[in-house]
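Working notes, structure below.
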Amino acid sequence: MDAQRHIVHIDLDSFFVSVERKFNPSLIGKAVIIGGSADRGVVASCSYEARAFGVHSAMPTRQALKLCPHAIVIHGTHGRYSDASREVTKIIHKSVPLYQKTSVDEFYIDLSGMERFHNPYQLATDLRQRVISETGLPISFGMASGRTVAKMATNQAKPNGQLWIKAGEEKAFLAPLNIRKIPGLGEHTCQKLYQYGIEKIGDLQKVNIKFLEAVFGKAGTYIYNKANGIDDTEIVSHTGRKSISTETTFHSDVKDIRTLENTLVSMTEELAGKLRRENKVSSCLAIKIRYANFETHTFQQKIPLTAAEHILIPGIKNLLKKAWNQHRPIRLIGVRLSDLCTGSYQINLFEDNEERIKLYQAMDHINFRYGEKTVCRAAGMEIGARTFNPFMRG
66 MDAQRHIVHI DLDSFFVSVE RKFNPSLIGK AVIIGGSADR GVVASCSYEA
116 RAFGVHSAMP TRQALKLCPH AIVIHGTHGR YSDASREVTK IIHKSVPLYQ
166 KTSVDEFYID LSGMERFHNP YQLATDLRQR VISETGLPIS FGMASGRTVA
216 KMATNQAKPN GQLWIKAGEE KAFLAPLNIR KIPGLGEHTC QKLYQYGIEK
266 IGDLQKVNIK FLEAVFGKAG TYIYNKANGI DDTEIVSHTG RKSISTETTF
316 HSDVKDIRTL ENTLVSMTEE LAGKLRRENK VSSCLAIKIR YANFETHTFQ
366 QKIPLTAAEH ILIPGIKNLL KKAWNQHRPI RLIGVRLSDL CTGSYQINLF
416 EDNEERIKLY QAMDHINFRY GEKTVCRAAG MEIGARTFNP FMRG
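Those letters in the sequence shown? Residues 66 to 459, by this note's numbering.
Following this line, the structure appears as structure tokens:
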């Protein structure tokens, strides 16, 4: 018989809003929207008071204000969120043997086997209280035998709560929930299931897997397993050392600032595009320069979590100014983005507008379909595409 698994899913409630409330307690209890301008901005996060009016992430700010006119709109303080995320990560890192950070505000923890020494649910409870007391941020968790049910338990426990779905109780817990609650089930799939009269997960549990496979192909198995609480996905150990990098050696040594900056723009643009395709964000950027005598220097700086070159490029240019002795020609130059974690570009929504987000999506789609640098900034057009180092533990 397989050993019982204890998987904990932790989620910081309305993370951006909660961080802002720490710095401005007058926002507590009010409808708050973190996002861009009312003209063209989008919602990055919103309080539960705003959600009650139908406001949600990625919604245009102007639409959100129509639904909730009295909402307080805050542009967002990017660095605060990265700092708060790092603070929570440190607490979890010190407290548990195995965890995976899947976004700026979300973690999975594997406490399987700990029952021989401790009560796993009590461990998770103590950890939650530690995060609340040391950071002042509200946090929820769900515990179950697999990732999917643990995440759904967290969603039911919100705001600022906790819930344990014991082994054998998964199907009973899931049955009354709407099929929309299943993580990864898209709107198109839900609508198709609705057409068959399947609205609750309990309805889905009664459906033969062969029917789901006939209608949805391989995805039918995925849907069946999720509905029945079957998920043996492993927790992959978190590391803050993953990085992606690229570098180029010039045919002849260079000391022209325009050539160096154009090369950096091109490299940063391509690395950022790769991060977005891999659904990752970086919180540390670095520049590497090698002079004609092979003397090599690396300079780095912490940054807010991002995969957007309009944030990364100014940072890289600034590092060049700090790192380069402009009297000395450069033989090699490189860029590295590190401290990667899983997270969508939506982490940056609060400082972007709809046009910029659509532009990135369009650029990524075209470059993926037709090849790197099909669309790029003018500064990088003269620089050819490069072969990148793969994601690695470095």
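No residue lacks a Cβ here, since even glycine has one placed at the ideal position from N, Cα and C.
So for residue i, helix, strand or coil by DSSP?
i, result
"Y287", "helix"
"A115", "helix"
"C255", "helix"
"N243", "strand"
"D318", "strand"
"A351", "strand"
"Q165", "strand"
"F206", "strand"
"D148", "helix"
"A103", "coil"
"F238", "helix"
"Y261", "coil"
"P125", "strand"
"H158", "helix"
"E343", "coil"
"V214", "helix"
"L250", "coil"
"S198", "helix"
"S91", "helix"
"K307", "strand"
Excluding five sequence neighbours on each side, which residues of the same chain lie with their C-beta closer than 6 angstroms to the C-beta of residue i?
i, result
"I298", "According to the sequence displayed, residue 298 carries Thr and not Ile. Excluding sequence neighbours, T298 sits near R212."
"R145", "V84"
"M124", "V108"
"L340", "A372"
"S150", "V169"
"Y355", "The identity of residue 355 in the sequence shown is Arg, whereas the question assumes Tyr. If we look at R355 and ignore the five residues flanking it on each side, its Cβ neighbours are T361, R396 and L397."
"E374", "T333, E334 and A337"
For residue i, which residues of its own chain have a beta-carbon under 7 angstroms away from its beta-carbon, when the five flanking residues on both sides are left out?
i, result
"I156", "R195, V196 and E199"
"F364", "A351, I352, L384, K387 and A388"
"N243", "E264 and K265"
"N293", "K236 and Q270"
"C133", "A96, A115, F118 and V120"
With distances taken between CB atoms, is the gap from residue i to residue j smaller than 8 angstroms?
i, j, result
"Y186", "Y173", "no"
"I72", "I300", "yes"
"S347", "L385", "no"
"S308", "S403", "yes"
"G207", "T219", "yes"
"L336", "T311", "yes"
"A96", "T126", "no"
"L329", "K367", "no"
"S205", "D78", "yes"
"R342", "S177", "no"
Counting C-beta neighbours from all protein chains within 10 Å, is the total for residue i 16 or more, i.e. buried, or is it exposed?
i, result
"I93", "exposed"
"P369", "buried"
"D321", "exposed"
"P203", "buried"
"A68", "exposed"
"G233", "exposed"
"S461", "Nothing can be reported for residue 461: it is not among the residues displayed for the chain, which extend from 66 to 459."
"N193", "According to the sequence shown, residue 193 is Arg rather than Asn. When all chains shown are included, R193 counts as buried."
"E152", "exposed"
"K131", "exposed"
"H74", "buried"
Please go through the same chain and pick out, in chain order, the residues whose beta-carbon is closer than 8 angstroms to the beta-carbon of residue i, but skip the five residues on each side of it.
i, result
"P248", "T213, K216, M217 and K291"
"A279", "G285"
"G262", "D268"
"F81", "I99, A109, S110, G141, Y146 and F415"
May I ask you to check if the CB of residue i is nearer than 7 angstroms to at least one heavy atom of the ligand NAD?
i, result
"G100", "For the structure depicted, the ligand NAD is absent and the ligand set is empty, with no information on it obtainable."
**Study point:** Contact between the region 307-325 and the region 397-407 (3+ Cβ pairs under 8 angstroms)
**Key:** The region 307-325 is in contact with the region 397-407.
Check your understanding: So, do the region 175-191 and the region 215-224 have three or more beta carbon pairs nearer to each other than 8 angstroms?
Key -> At 8 angstroms Cβ cutoff, the stretches do not touch.
Check your understanding: Between the region 233-248 and the region 310-317, are three or more C-beta pairs nearer than 8 angstroms?
Key -> Contact fails: fewer than three Cβ-Cβ distances are below 8 angstroms.
Point to revise | contact_flag[the region 256-274, the region 282-292] where n(CB pairs < 8 angstroms) is 3 or more | key: Yes, the region 256-274 is in contact with the region 282-292.
Check your understanding: Do the region 111-120 and the region 252-261 make contact, defined as three or more Cβ pairs closer than 8 angstroms?
Key -> In this structure the region 111-120 does not touch the region 252-261; the number of beta carbon pairs closer than 8 angstroms is below three.
**Study point:** Validate contact between the region 127-140 and the region 378-386 using beta carbons, cut 8 angstroms, 3 pairs
**Key:** Touching, no, given that fewer than three Cβ pairs across the two stretches are closer than 8 angstroms.
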